[in-house]
Amino acid sequence: MIALATVDIATAETDHLVAGFVTDGDRHASARHKLRRRQRQGLAARALVRSLLTKYFDHAADCWHLTYDANGKPAAVLADNSRHIALSISHSKDLVACAMTNLGPDSDTCGVLYHQEDLLKVPLRIEDGFSYPPEGPGLGVEIDMKIFESWKAAAAVKQ
Numbered sequence: 005m006i007a008l009a010t011v012d013i014a015t016a017e018t019d020h021l022v023a024g025f026v027t028d029g030d031r032h033a034s035a036r037h038k039l040r041r042r043q044r045q046g047l048a049a050r051a052l053v054r055s056l057l058t059k060y061f062d063h064a065a066d067c068w069h070l071t072y073d074a075n076g077k078p079a080a081v082l083a084d085n086s087r088h089i090a091l092s093i094s095h096s097k098d099l100v101a102c103a104m105t106n107l108g109p110d111s112d113t114c115g116v117l118y119h120q121e122d123l124l125k126v127p128l129r130i131e132d133g134f135s136y137p138p139e140g141p142g143l144g145v146e147i148d149m150k151i152f153e154s155w156k157a158a159a160a161v162k163q
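If you want my numbering, it's the position in the sequence shown, counting the first as 1, plus 4.
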């Protein structure tokens, strides 16, 4: 399963996320940036990651260590190393986006079979071997929660 979230750093929503989820370690890590805008992007990204983690797992935001591998790839790891979540963080001007995997059912495609049913309310446009980016607000996708819940229930039975 994949979780996606975005936030506009110019909004009060970012202030609420930062106030509710950012740790002292996050503040220290973001302070390394010289530009105030980059510091705010860093804090917003860390707050967004921690808010998603608390949404999907029964652990407080500060139970997670945000780490980077030797190539700079971010991850979230529980303090006891019992869970490792792969992350992708991106920012462009005032928009910060976060995607995370390893949340549940496998999300890989398999050969020419793309999927049996679409998790998105508006399917991705795939033509001639190319996938075109969605055009809606945020990341451009809206999850079909009815299908999501059925996949979640199916995954729980397998575990």
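The C-beta atom is built at its ideal place from N, Cα and C for all residues, glycine as well.
Leu39 is classed as exposed because its beta carbon has fewer than 16 other beta carbons within 10 Å across all chains shown.
Rounded to whole angstroms, Asp66 and Ala158 show a C-alpha spacing of 30 Å.
Taking Leu99 as reference, the option from Ile89, Gln45, Leu8 and Ala90 with the minimal CA-CA separation is Gln45. Listed as beta-bridge partners of Trp68 by DSSP are Leu82. When the five nearest sequence neighbours on each side are left out, the beta carbons in the same chain lying within less than 8 Å of the beta carbon of Val126 are those of Pro138, Gly140, Val145 and Glu146, in order along the chain.
In this chain, the alpha helix (DSSP H) harbouring Val22 covers Ala16 to Phe25.
Annotation for Ala48: the continuous alpha helix (DSSP H) segment containing it runs Arg40 to Tyr60. Excluding the 5 residues flanking it on each side, Ala9 has same chain C-beta neighbours closer than 6 Å at Leu52, Leu56 and Cys102, in chain order. The C-beta distance from His88 to Ala49 rounds to 18 Å, too long to meet the 8 Å contact threshold. The beta carbon of Ala14 is closer than 7 Å to those of Asp98 in its chain, skipping five residues each way along the sequence.
Here DSSP, grouped into helix, strand and coil, assigns Ile6 to coil. Residue range His88 to Ser96 is occupied by the beta strand (DSSP E) that includes His88.
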